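Residue numbers (our numbering), protein chains in the order written: chain A, 39 to 285; chain B, 39 to 285; chain C, 39 to 285; chain D, 39 to 285; chain E, 39 to 285; chain F, 39 to 285.
Number of protein chains: 6
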Amino acid sequence: MSELSSQTRIDGRALDQLREVTIKRSWLSQAEGSVLVSFGRTTVLCNASVTEGVPRWRRGSGLGWVTSEYEMLPRATNDRSPRESRRGKIGGRTHEISRLVGRSLRAVIDYKALGENTIVVDCDVLQADGGTRTASITGGFVALWDAIGWLRERGSLVGEPLTGSVQAISAGIVGGVPMLDLAYEEDSSADTDMNIVMSGSGDFIEIQGTAEGQPFDRALLGRLLDLGTKGCAELKAAQEAALGVSL
Amino acid sequence: MSELSSQTRIDGRALDQLREVTIKRSWLSQAEGSVLVSFGRTTVLCNASVTEGVPRWRRGSGLGWVTSEYEMLPRATNDRSPRESRRGKIGGRTHEISRLVGRSLRAVIDYKALGENTIVVDCDVLQADGGTRTASITGGFVALWDAIGWLRERGSLVGEPLTGSVQAISAGIVGGVPMLDLAYEEDSSADTDMNIVMSGSGDFIEIQGTAEGQPFDRALLGRLLDLGTKGCAELKAAQEAALGVSL
Amino acid sequence: MSELSSQTRIDGRALDQLREVTIKRSWLSQAEGSVLVSFGRTTVLCNASVTEGVPRWRRGSGLGWVTSEYEMLPRATNDRSPRESRRGKIGGRTHEISRLVGRSLRAVIDYKALGENTIVVDCDVLQADGGTRTASITGGFVALWDAIGWLRERGSLVGEPLTGSVQAISAGIVGGVPMLDLAYEEDSSADTDMNIVMSGSGDFIEIQGTAEGQPFDRALLGRLLDLGTKGCAELKAAQEAALGVSL
Amino acid sequence: MSELSSQTRIDGRALDQLREVTIKRSWLSQAEGSVLVSFGRTTVLCNASVTEGVPRWRRGSGLGWVTSEYEMLPRATNDRSPRESRRGKIGGRTHEISRLVGRSLRAVIDYKALGENTIVVDCDVLQADGGTRTASITGGFVALWDAIGWLRERGSLVGEPLTGSVQAISAGIVGGVPMLDLAYEEDSSADTDMNIVMSGSGDFIEIQGTAEGQPFDRALLGRLLDLGTKGCAELKAAQEAALGVSL
Amino acid sequence: MSELSSQTRIDGRALDQLREVTIKRSWLSQAEGSVLVSFGRTTVLCNASVTEGVPRWRRGSGLGWVTSEYEMLPRATNDRSPRESRRGKIGGRTHEISRLVGRSLRAVIDYKALGENTIVVDCDVLQADGGTRTASITGGFVALWDAIGWLRERGSLVGEPLTGSVQAISAGIVGGVPMLDLAYEEDSSADTDMNIVMSGSGDFIEIQGTAEGQPFDRALLGRLLDLGTKGCAELKAAQEAALGVSL
Amino acid sequence: MSELSSQTRIDGRALDQLREVTIKRSWLSQAEGSVLVSFGRTTVLCNASVTEGVPRWRRGSGLGWVTSEYEMLPRATNDRSPRESRRGKIGGRTHEISRLVGRSLRAVIDYKALGENTIVVDCDVLQADGGTRTASITGGFVALWDAIGWLRERGSLVGEPLTGSVQAISAGIVGGVPMLDLAYEEDSSADTDMNIVMSGSGDFIEIQGTAEGQPFDRALLGRLLDLGTKGCAELKAAQEAALGVSL
């Protein structure tokens, strides 16, 4: 990877710099929460849908439910991929990310305060350039916030269901150099790829680190966590700006 | 339908008036043609993807191929619908519209001039408020135009594959009154619903008319075709404005 | 298409002539309505099945339901096609025609008079030589009639559910010449193919016209509708002969 | 089972009597072999389709292939059953019978003499009243015969592929009494149900006997095999009459 | 088959000799019945699972239900086979054997005495070397016995649901010679293959005999049934030894 | 969780103590590598299958391929779960773990040295009591080792494909207390659950940590990594004992 020399990134960013982040609320008009989030060229539409009631296995418990479904449009990627609906099955990667987004959002939900309401956060990737799962979590939180606001206005909440905020970002080691928020080209040549989901309080909700090439040691892990912590703090600020509140 | 009194429409439009039409080209940066089209609140992302070569059954023929896939995001509708990818099968309506869009676009393609290239036009409905198939055809044509331009720049065409332009609009009879470009609320109470696909020359590529209530006679059919002809002419003008050419 | 010279058809028919139509009632003994219909070599078994009650989404409404499923046997066609049951999914064409047949039959049903009964009309194509969907609608109506008669005998109707009769026929432009009731060989070389569903009163229930080649203008459309109207009137006579009633 | 007293059957037949058997050849005009077979009310359409070449795993071997697919139309049964194509999977019973029919027909085929040709015998049950698998085998053999005749006329055979004929019939113990060719009502109350597939030489190709109630001993087994042997001999005569040859 | 000379088998067994049979109860600790059974190298894990209640179609009848599912691990066979779960559908053979095992076990069940309880016997083939279905039935019976014992201890039975015992073994004609309990290599070169399911009383529950090559006559059938009867008696002894009871 | 008081575990283990680990090689006789691994009651059969050649997308590259499929038998769990093969689709959890096991094993493979050979490691969970994915990785490595040995003996390797060894273990915070190798009951009440995959050199191949309850801070993360490092070192010793080599 000669073009990834030690201090220069392919798009000119500093090693610890996020791509440009935009978070547009109420992007569409029908969903209870509708957020178009982008991390550089990566663009995800996060729609939060409220339905009264909960899945069968949870009925009568007084507890609410939050879940998520993630999917990529066929031409989100550089080459068109077949639709999973046409292939008749969801791929492993799609399942895995859907589950990650759902877990991450549930980490800041008080089910009792939500009451027997269900919120589904659909994250549909319109364009993919690395970091689609972290954009989905970060934008999905804002859509979830708006859906909860919608429930609050209707008096349908038992209490205040949000116990905190959630942000997510990737970090990785490319050409031996740790860097933040990998774009697709960086990601595909990374030795180690890490996704870090944090709460607004600066603690970890989920960390997933994978050595694609060389196994990594504890020191390198520490540097990736440092980068992730910095990135999540900046994403929290972007969420605060979009929502006009202090998280 | 008392609120659909004879001359007033729910959104204040005249009976022969289209909703506001917007056609944004190069909306995303990766697809060879990427168009965000909206007819009022109905919003469809039309991405045209070029691949060299043609499906197996057409190889060696010297002829190109154009096809389309249509799908709705789960929260395109007022209430969230399950994803077809999760249900493991494509519904009848999705199949039917995908086939209609593909046929309509192929009607203005000279396969020989296209050479052995394939263009897939993905029409993903981000928000649905009636007329998603007609917006898909109208926007899909612009995405197809851009994909062909992309091939032309690379010198990959044998000739000029576009033999004309395509537009599509709905018309229907609501409360006994013929009107153009039905929004969802009008559509769901229509007696007769018609989708009209036309070429830029003013001829018919496809007409589909269905009596949901009372069967219709030849005079009413004529009035619907008049409305559709007027609407398609205006959509052609909108395509011309977006493309900066005369079609 | 030299053999399709202006006035002679491949099977010697006049341009506005139907193929031989046969409608056999009670062809099998178990279904409430069982009709074997043929348009020339095209042969469809239409079985109407009555079940008490209606689908879940309609329960308690006091309204009945009529639906249809269309499918082709694997060797209905000249070359054997794989079974859709083995491929694990229904193709787009099958879905589309099933929906068309169901809509067409529902156009002459008064749901309230039917009471909370469901009638499913299965149209299984035993042999296909063009016009399978129009034969399905025409024969399916007779099967539906017999199924309603079965309900009437049992005193299970609220009123008289049939508000009229339904017929369907194809017309098309082959080698520049409009003609009625296309056989497969004609259909596959047609410039324009039209399916016309009419009520016994001579109004349109559904029209679907597709330009496979050259877009068509309003004058040609008129000639196809004339042919279709003549054909449907003759099919109505054939239904009347089979049923021994005046529709 | 009081109505099944020792010597009288529900339809008045003798204990060792077949239902009326009809075998109509060339019932449809497109398949290479097309046979409508009925055993009483049980009616099966057996279409044999020839294709040049063999499945991939057999190519270049010089050997042909014969296989079968069995399926029931949704309203073959007294109550309508959902289509397997709509449910997206083939049921166990359908698979099991398809395999049985294929094995039975292959038992009289010399693959070398058939050359690299494939014959698929589709057995579609139009009406079911017990014995659908035995009617499928018996009628399927005649369709297979005609398909081989079609190949012979074209000079596409290497030798004479039929090494014999095949017949199949059921026998069972109902109310303690052994009887031949069970109709549905008898079958559903049988203690033991046996399907017997024989070659024209009077030997066994396949026997399947199941104790639904009481296990059966060797003496009873002998009586069922006697009945089956008698029935198959009569079916062989019916095949000979239909084919106008001595098998 | 020169190596299958008249009196010597490939593994040195006598013609009427079973492979070594082992039946290990409580092989795993969580299932109500857990049996690891092996016939030579063929190894099947039979787990019987009890659930309170019965399937919807049987509720309120007071009757219990027993069913079975059979499947092979991907590397049970000499060459790895794709998982049916990945292919998205169960193959015909898997369905057929699942149904056979279920029927065989139900033959010795008194549903009334079982009460409204369901027992599912899962037979997962860990290693396959011929006779997987007969090992599944023979081992499945022991697992079923233990599951019923578990219900008895909890006082959840209405009476004594087992009306007998079940054993199963294969026999076949290889190189013209009848032999018992075919291993895979023998089975794949057999002219006739027979599976025999018997009750402990020495009667037949199910027999399935298939001529893969030459049809077989009644005398040969008799010799195969003799072998099967001997084999089942020995398997019954093995079950008795494992259970420490007289069946 | 009163029974999880600060220093005592439900099964009496110390907080940093593994359950009993057993690794049986050549457990079955047909697969190139066949390992039965257990961590306490958790029991996984790991079969490694060698096939010559590689998937289509890798052909001609000179590189080998290693992949894995994980699945649970229906009664691996305390309550029986439906088979994924019967439901017609693989669940998200199954996909996720299959991918994790494959990635982990590939981390120690030199594809070039492997040559164009494919090794599939099937991990079928016979009994599940927590830690099925870590047992699969740890046992799967041993099966992979044996499959590579099999290739080496046949002279089918280009070089030495194993660049190291792999171990995996879980750690978690239960009732506020960090502990190693969680059993199911501990796992289901854990605040934080972590899976740690390490190389024999003591570096990280993959870490996945999820806060099920309270988000965790960097200090707690450090304690979990300490536990995991200790556990993996002990698993490496168990692998060495089973293989009779020093890894």
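For every residue, glycine included, the Cβ atom is placed at its ideal position computed from N, Cα and C.
This one's a predicted model, so the numbers in the text were calculated from it and none came from an experiment.
**Report entry** Under 7 Å by beta carbon: chain E residues contacting D/Q246
**Finding:** Simply Q246.
Report task. Name, in chain order, the residues that DSSP records as bridge partners for C/S24. Result -> Because chain C in this structure spans residues 39 to 285, residue 24 of chain C falls outside the shown range and cannot be described.
Query raised in the report: Would you say F/K127 faces chain A, with C-beta separation under 7 Å as the test?
Result: Closer than 7 Å: yes.
**Report entry** Beta-carbon proximity list for E/S40, same chain, < 6 Å, skipping 5 on both sides
**Finding:** For E/S40, the pLDDT reaches just 39, beneath the cut-off of 50, and the residue's location in the model is therefore unreliable, although a value from the coordinates is still provided. If you ignore the 5 residues before and after E/S40, its C-beta comes within less than 6 Å of no other C-beta in its own chain.
Requested in this report: Flag C/I207 as yes if its beta-carbon sits less than 7 Å from any beta-carbon of chain B, otherwise no.
Outcome: No, its Cβ sits nowhere closer than 7 Å to a Cβ of chain B.
**Report entry** Contact under 7 Å by Cβ, C/D160 with C/E198
**Finding:** No, the pair does not count as a contact, with Cβ atoms beyond the cut-off.
Query raised in the report: By how many angstroms is the C-alpha of F/L111 removed from the C-alpha of F/F122?
Result: A small fix is needed here, since residue 122 of chain F is Glu in this sequence, not Phe. Cα to Cα, F/E122 sits roughly 9 Å from F/L111.
Report task. Tell me whether C/G266 is buried or exposed, calling it buried when 16 or more other Cβ atoms sit within 10 Å of its Cβ. Result -> Buried: at least 16 other Cβ atoms inside 10 Å.
Report task. Determine the chain A residues that contact F/L152 at a beta-carbon separation under 9 Å, and present them in chain order. Result -> Chain A residues near F/L152: none, gap ~16 Å exceeds 9 Å.
Query raised in the report: In angstroms, rounded to a whole number, what distance separates the CA positions of C/G214 and C/D229?
Result: Taking the straight line joining both Cα atoms gives about 8 Å.
Query raised in the report: Any Cβ of chain B within less than 7 Å of the Cβ of C/D160?
Result: At a cut-off of 7 Å between beta carbons, C/D160 makes no contact with chain B.
Query raised in the report: So what does DSSP say about C/T176, is it helix, strand or coil?
Result: Secondary structure of C/T176 (DSSP, three-state): helix.
**Report entry** Any chain C beta carbon closer than 7 Å to D/A69
**Finding:** For D/A69, the answer is yes, since a Cβ of chain C falls inside 7 Å of its Cβ.
Query raised in the report: When the Cβ atoms of the segment 76-83 of chain D are set against those of the segment 56-67 of chain D, are three or more pairs found closer than 8 Å?
Result: A contact exists between the segment 76-83 of chain D and the segment 56-67 of chain D.
**Report entry** the segment 62-70 of chain F touching the segment 160-171 of chain E, judged by at least three CB pairs closer than 8 Å
**Finding:** Short answer: they touch.
Query raised in the report: Along the segment 191-207 of chain B, what residues have a CB closer than 7 Å to any CB found in chain C?
Result: Per Cβ criterion, the list is empty.
Query raised in the report: Taking only runs of the beta strand (DSSP E) that begin and end inside the segment 59-130 of chain F, which ones reach a length of at least 3 residues, in chain order?
Result: Listed in chain order, the complete beta strand (DSSP E) runs (minimum 3 residues) inside the segment 59-130 of chain F are 59-62, 71-77, 80-90, 103-110.
Report task. Give a yes or no on whether the C-beta atoms belonging to C/S87 and C/V158 are separated by under 7 Å. Result -> Their beta carbons are under 7 Å apart, which means C/S87 touches C/V158 by this criterion.
Requested in this report: Decide yes or no for the touch test of the segment 119-135 of chain A against the segment 123-134 of chain F: beta carbon pairs closer than 8 Å, at least 3 of them.
Outcome: Result yes; three or more Cβ-Cβ pairs closer than 8 Å.
Query raised in the report: Among the residues of its own chain, which have a CB less than 7 Å from the CB of E/Q252, if the five just before and after it don't count?
Result: Answer for E/Q252: D229, listed in chain order.
**Report entry** Chain-ordered neighbours of D/E122 on chain E, where CB pairs are closer than 7 Å
**Finding:** Those within 7 Å of D/E122 in chain E number zero; the least Cβ separation is about 11 Å.
**Report entry** E/L101 vs E/Y149 beta-carbon contact at 7 Å
**Finding:** Contact: yes.
Query raised in the report: Taking 7 Å as the CB-CB limit, is F/P93 close to chain E?
Result: So, not an interface residue.
Query raised in the report: Closest by CA to F/L182, which one among F/E154, F/R192, F/R144, F/R171?
Result: For F/L182, the closest C-alpha among the options F/E154, F/R192, F/R144, F/R171 is that of F/R144.
**Report entry** Extent of the continuous beta strand (DSSP E) run through A/T156
**Finding:** A/T156 -> beta strand (DSSP E) spans 155-165.
**Report entry** Segment limits, alpha helix (DSSP H) that includes C/Q277
**Finding:** Its alpha helix (DSSP H) spans residues 256-281.
Query - Short Cβ contact (7 Å threshold) for C/G178 with C/V235 - result: The Cβ atoms of C/G178 and C/V235 lie no closer than 7 Å to each other.
Requested in this report: Tell me whether A/S43 is buried or exposed, calling it buried when 16 or more other Cβ atoms sit within 10 Å of its Cβ.
Outcome: Since pLDDT at A/S43 reaches only 43, below the 50 mark, its modelled position is unreliable, and the value read off the structure follows with that caveat. By the beta-carbon neighbour count (other beta carbons within 10 angstroms, threshold 16), A/S43 is exposed.
Query raised in the report: Mind pulling the chain C residues with CB within less than 7 Å of B/L259?
Result: Against chain C, a Cβ distance below 7 Å from B/L259 picks out F242.
Query raised in the report: What span of residues does the alpha helix (DSSP H) with C/A151 cover, start to end?
Result: First-last of the alpha helix (DSSP H) with C/A151: 149-152.
**Report entry** A/I207 in three-state terms, based on DSSP
**Finding:** Of the three classes helix, strand and coil, the one that applies to A/I207 here is strand, per DSSP.
Query raised in the report: Which residues does DSSP pair with D/T46 in a beta bridge?
Result: Its beta-bridge partners do not exist; DSSP assigns none.
Requested in this report: Ignore the nearest five residues each way along the sequence and tell me which others in B/S284's own chain have a CB closer than 7 Å to its CB.
Outcome: Here the set comprises E278.
Query raised in the report: Is the CB of B/N155 under 7 Å away from at least one CB in chain A?
Result: Not closer than 7 Å to any Cβ of chain A, the Cβ of B/N155 fails to qualify, so no.
Query - Sheet register partners of A/Q55 (DSSP bridge) - result: For A/Q55, no pairing in a beta bridge is given by DSSP.
Requested in this report: Alpha carbon to alpha carbon, how far is C/A221 from C/G50? Give it in angstroms, no decimals.
Outcome: C-alpha of C/G50 to C-alpha of C/A221: approximately 12 Å in a straight line.
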